[in-house]
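Under numbering that gives the first Met the number 0, think of the first position of the sequence shown as 0, with each following residue one higher.
Notes for the one structure printed next.
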Amino acid sequence: MIIDFNGELVAAADARLDPFDRGFTLGDAIFESLRVRDGAPEFAGEHLARLTRASAVTGIPLPFTPDQAMARMARLIAANDLVDAALRLTVSRGAAARGVAAPKATDCRPTVVISVHPLPPTRGAVVGLITATVTRRNEHSPFSRVKATPYLDSIIALEEARAAGAQDAVLLNTAGRVASACYANLFAVIDGRLVTPPLADGPLPGVTRGRVLAALGGEEESLAPEDLARATEVFLTNSFGVRPVGVLDGRLLAPLPGPMTQKAQALVG
Numbered sequence: 000m001i002i003d004f005n006g007e008l009v010a011a012a013d014a015r016l017d018p019f020d021r022g023f024t025l026g027d028a029i030f031e032s033l034r035v036r037d038g039a040p041e042f043a044g045e046h047l048a049r050l051t052r053a054s055a056v057t058g059i060p061l062p063f064t065p066d067q068a069m070a071r072m073a074r075l076i077a078a079n080d081l082v083d084a085a086l087r088l089t090v091s092r093g094a095a096a097r098g099v100a101a102p103k104a105t106d107c108r109p110t111v112v113i114s115v116h117p118l119p120p121t122r123g124a125v126v127g128l129i130t131a132t133v134t135r136r137n138e139h140s141p142f143s144r145v146k147a148t149p150y151l152d153s154i155i156a157l158e159e160a161r162a163a164g165a166q167d168a169v170l171l172n173t174a175g176r177v178a179s180a181c182y183a184n185l186f187a188v189i190d191g192r193l194v195t196p197p198l199a200d201g202p203l204p205g206v207t208r209g210r211v212l213a214a215l216g217g218e219e220e221s222l223a224p225e226d227l228a229r230a231t232e233v234f235l236t237n238s239f240g241v242r243p244v245g246v247l248d249g250r251l252l253a254p255l256p257g258p259m260t261q262k263a264q265a266l267v268g
């Protein structure tokens, strides 16, 4: 696999990350994940805009312009000869002296890694969900609005789900309301209406989430677990597609995919 490592195309096995890089030692990094379709990154402008917002929130500078990022992504996709793929662009604050406080921008240089991988064959598969009990999503944190590398909450919730025989988990926020899944936005059909948690409840403002809301007439609405228990359809969205939920906390949902889920799948592809 060829990656873009600080602007150079290198074999992934040959890349050398500084052991004092703050992305490694502190999770001090931001990223975006994009779907590559027909050899081009989808909705790259929206993803780069969100990365720019993450840069503003964290103070991690972006050492490229949007046009430069687009050119580097295109070059990498071509170098790996991939037509449909998953692309990740990660920017860490860079290597610095030991300590938590962020160094001055003049004292460290951001590390940029861009990688592409074949799309997973199960990306549209039916999934089972449980409601996570091991952690909560902090809707008050500015990091609920951007993609940053500390993903331990999602990791331990996903491990809880897998231990229960499920594939993903519903994350509640600190108020006990539904926020999202571990790495996807969540939609439900309740009383015939398509609803999804509002950004104030802690979900990431997903690019695909926004498309589904706009195209299918969905509504933002705070959801308690009891509301989700009444849903006739539940599906998850991220940049790589729409996944129907077949089991929610042991309750079967059928038929699969439901009519609204099919509309979302047709929209996203």
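Using N, Cα and C, we set each Cβ at its ideal position, and we do this for glycine too.
If you look at HIS46, you'll find it in the alpha helix (DSSP H) that goes 43-57.
In this structure, DSSP gives VAL211 a helical state, which the three-state scheme calls helix. At a Cβ-Cβ threshold of 8 Å, ALA180 and ALA168 count as neighbours. Listed in chain order, the beta strand (DSSP E) elements of length 3 or more contained wholly in the stretch 82-133 are 84-91, 110-117, 126-130. The closest CA to that of LEU222, considering only PRO254, ALA96, LEU185, is found on LEU185.
SER153 sits in a helix when the DSSP states are folded into three classes. Counted as a single uninterrupted DSSP element, the alpha helix (DSSP H) harbouring LEU227 occupies residues 224-227. Nearest in C-alpha terms to LEU235, of all of GLU219, ALA187, GLY191, VAL82, is ALA187.
Fully contained in the stretch 172-213 is no alpha helix (DSSP H) run of length 4 or more. The residues ASP226, ARG229, ALA230, in chain order, have a CB closer than 7 Å to that of ILE189 in the same chain once the five nearest residues on each side in sequence are set aside.
Of the residues assessed, SER238 falls on the buried side of the cut-off, its CB having 16 or more other CB atoms within 10 angstroms. Nearest to ALA178 by alpha-carbon distance, out of THR57, THR130, ARG92, is THR130. At a Cβ-Cβ threshold of 8 Å, ARG34 and GLU41 count as neighbours. Straight-line spacing of the CA atoms in GLU45 and VAL246 works out to 32 Å. SER143 carries a helical assignment under DSSP once its states are collapsed to helix, strand and coil.
The stretch 131-143 makes no contact with the stretch 10-26: fewer than 3 CB pairs, one atom from each, lie closer than 8 Å. Closest option to ALA104, judged by alpha-carbon separation, among GLY98, ILE59, ILE155, LEU151: ILE59.
With 16 or more neighbouring CB atoms inside 10 Å of its own CB, ASP27 falls in the buried class. Between the alpha carbons of ILE1 and VAL9 lies a gap of roughly 5 Å. Annotation for LEU75: the continuous alpha helix (DSSP H) segment containing it runs 65-78. Put simply, of ALA55, LEU170, GLY216 the residue whose alpha carbon is nearest the alpha carbon of GLY201 is LEU170. The three-state secondary structure of LEU61, taken from DSSP, is coil. Annotated three-state conformation of ALA162 is helix, per DSSP.
Residue burial annotation: PRO120 is exposed, with fewer than 16 other C-beta atoms found within 10 angstroms of its C-beta. Here the C-alpha atom of ALA101 lies approximately 24 Å from the C-alpha atom of ARG136. As the crow flies, the alpha-carbon of PHE4 is around 32 Å from that of GLN166. Between VAL233 and GLY123, the C-beta spacing is not below 8 Å. A distance below 6 Å between beta-carbons, with the five flanking residues on each side excluded, links LEU50 to the following residues of its chain, in chain order: GLU31.
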